[in-house]
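A.B. asks:
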Amino acid sequence: PKDRSTKDEL
Amino acid sequence: MNIFRLAGDMTHLASVLVLLLKIHTIKSCAGVSLKTQELYAIVFATRYLDIFTSFYSIYNTLMKLIFLGSSFSIVWYMRYHKTVRRTYDREQDTFRHWFLVLPCLLLALLIHEKFTFLEVLWTFSLYLEAVAILPQLVLLQRTRNIDNLTGQYVFLLGGYRGFYILNWIYRYLTEPHFVHWITWIAGLVQTLLYADFFYYYFQSWKNNKKLQLPA
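Sequence order for the protein chains is A and B. Be aware that the first sequence starts at 3, since it is given in our numbering, and climbs by one per residue. Be aware that the second sequence starts at 20, since it is given in our numbering, and climbs by one per residue.
See below:
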């Protein structure tokens, strides 16, 4: 699930 | 993904490639702080622990592997490569970088979004990245004569977080509930630490003279 945090960032 | 984040990632990638290029081609790391490189290796190691547990995209995983690989190989070059290690000015690079690690770890134990192992280490990596450049900036002040590649490396490294700040503004405006004070403040502090370097970098670029930082 695409969580709304900045974890999808480097 | 937005253009600001992509620009930030590409600028960050360019900074590590410039550094690897310098070290690999001229077999010299003069003017480069090993302390900063070691701090960055710790930043990536603690930031990307989720590389095995959560998958966002090929791009995300690929970039994580590149940043991990480049930061550890730069540390390896500067510590163990027979030619490069001789060009490392150990006497000048004396910043006590462990004094940066502990406060960041304590702060991460105090201020975080969730108190889990991965989240605390991830937050620690954010705080550590904000201050990781300090040994390098101190070294630049001391060595004064900054060669172009090192200057470009620091400039690109500082620029990438600036693009990330634009990315966070964009995401705040376009994604509901996108509020992450910890990330934002750490990123802002990080970029501000480069402020005086940027000033002198642009001065030297404008007057077309060698980059000199005031002692």
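We treat Cβ as the ideally placed atom computed from N, Cα and C, and that holds for glycine.
Kindly list the residues whose CB is nearer than 7 Å to the CB of residue 177 of chain B, restricted to its own chain and excluding five residues on each side of it in sequence; keep chain order.
C.D. replies: Sequence index remark: in the second sequence, residue 177 of chain B carries index 158 (1-based). The answer, listed in chain order, is 210, 213, 216 and 217.
A.B. asks: Excluding sequence positions up to five away, which residues of its chain have a Cβ less than 7 Å from the Cβ of residue 70 of chain B?
C.D. replies: Taking the first residue of the second sequence as 1, we reach residue 70 of chain B at position 51. Only 80 and 83 meet the Cβ criterion.
A.B. asks: Does residue 57 of chain B get closer than 9 Å to chain A when you measure Cβ to Cβ?
C.D. replies: Numbered from 1 along the second sequence, position 38 holds the residue referred to as residue 57 of chain B. By this cut-off, residue 57 of chain B is not an interface position.
A.B. asks: Among B:135, B:131 and B:150, which has the Cα closest to the Cα of residue 142 of chain B?
C.D. replies: Here the question's residue 142 of chain B lines up with position 123 in the second sequence. Residue 142 of chain B has its Cα closest to that of B:131, out of B:135, B:131 and B:150.
A.B. asks: Report the three-state DSSP secondary structure of residue 226 of chain B (helix, strand or coil).
C.D. replies: Your numbering for residue 226 of chain B matches position 207 in the second sequence. Looking at residue 226 of chain B - three-state DSSP - the assignment turns out to be coil, as it is neither helix nor strand.
A.B. asks: Considering only their Cβ atoms, is the gap separating residue 152 of chain B from residue 232 of chain B smaller than 9 Å?
C.D. replies: For the purposes of this step, residue 232 of chain B is taken as residue 213 along the second sequence, with counting starting at 1. For the purposes of this step, residue 152 of chain B is taken as residue 133 along the second sequence, with counting starting at 1. No, they are not a contact pair.
A.B. asks: Would you call the stretch 156-176 of chain B in contact with the stretch 46-62 of chain B, where contact means no fewer than 3 C-beta pairs closer than 8 Å?
C.D. replies: Enough Cβ pairs lie closer than 8 Å, so yes.
A.B. asks: Residue 37 of chain B to residue 76 of chain B, Cα distance in whole Å?
C.D. replies: The residue labelled residue 37 of chain B in the question sits at position 18 within the second sequence. The residue labelled residue 76 of chain B in the question sits at position 57 within the second sequence. Each residue's alpha carbon lies about 25 Å from the other.
A.B. asks: Measure the C-alpha to C-alpha separation of residue 234 of chain B and residue 228 of chain B and round it to an integer number of angstroms.
C.D. replies: Taking the first residue of the second sequence as position 1, residue 234 of chain B is located at position 215. Taking the first residue of the second sequence as position 1, residue 228 of chain B is located at position 209. The alpha-carbon atoms of residue 234 of chain B and residue 228 of chain B are separated by roughly 17 Å.
A.B. asks: Quick one: is residue 110 of chain B near chain A, going by C-beta distance under 9 Å?
C.D. replies: Numbered from its first residue, the second sequence carries residue 110 of chain B at position 91. No, residue 110 of chain B does not count as interfacial toward chain A.
A.B. asks: Which residues in the same chain as residue 62 of chain B place their Cβ atom closer than 7 Å to its Cβ, once the five residues preceding and following it in sequence are excluded?
C.D. replies: The residue you call residue 62 of chain B lines up with position 43 of the second sequence. Hits under 7 Å: 144, 147, 148 and 151.
A.B. asks: Whole angstroms are fine: how far does the CA of residue 195 of chain B sit from the CA of residue 111 of chain B?
C.D. replies: What you label residue 111 of chain B is simply residue 92 of the second sequence in a count that begins at 1. What you label residue 195 of chain B is simply residue 176 of the second sequence in a count that begins at 1. Whole-angstrom Cα-Cα distance: 48 Å.
A.B. asks: Using DSSP with H/G/I as helix, E/B as strand and the rest coil, what is residue 196 of chain B?
C.D. replies: Here the question's residue 196 of chain B lines up with position 177 in the second sequence. It is coil, neither helix nor strand.
A.B. asks: Taking Cβ-Cβ distances shorter than 7 Å, what residues in chain A pair up with residue 72 of chain B?
C.D. replies: Walking along the second sequence from the start, residue 72 of chain B turns up at place 53. Under the 7 Å cutoff, chain A gives no residues; its nearest Cβ is about 11 Å from residue 72 of chain B.
A.B. asks: Nearest-angstrom Cα distance between residue 3 of chain A and residue 223 of chain B?
C.D. replies: For the purposes of this step, residue 3 of chain A is taken as the residue at position 1 of the first sequence. For the purposes of this step, residue 223 of chain B is taken as the residue at position 204 of the second sequence. Here residue 3 of chain A scores only 38 on pLDDT, less than 50, and its place in the model should not be relied on; the value that follows carries that caveat. If I take the Cα positions, the gap works out to 47 Å.
A.B. asks: With a threshold of 6 Å on Cβ separation, who are the neighbours of residue 24 of chain B within its own chain once the five nearest residues in sequence on each side are excluded?
C.D. replies: What you label residue 24 of chain B is simply residue 5 of the second sequence in a count that begins at 1. These residues qualify, in order along the chain: 186.
A.B. asks: Could one say the Cβ of residue 215 of chain B lies closer than 9 Å to chain A's Cβ atoms, at least one of them?
C.D. replies: Position 196 of the second sequence, counted from the start, is the residue given in the question as residue 215 of chain B. No, residue 215 of chain B does not count as interfacial toward chain A.
A.B. asks: Entirely within the stretch 118-172 of chain B and at least 4 residues each: give me those alpha helix (DSSP H) ranges in chain order.
C.D. replies: Complete alpha helix (DSSP H) runs here, min 4: 136-150 and 153-162.
A.B. asks: Return the first residue and the last residue of the alpha helix (DSSP H) that residue 83 of chain B is part of.
C.D. replies: Stepping through the second sequence from its first residue, residue 83 of chain B is reached at position 64. From DSSP, the alpha helix (DSSP H) with residue 83 of chain B extends over 77-99.
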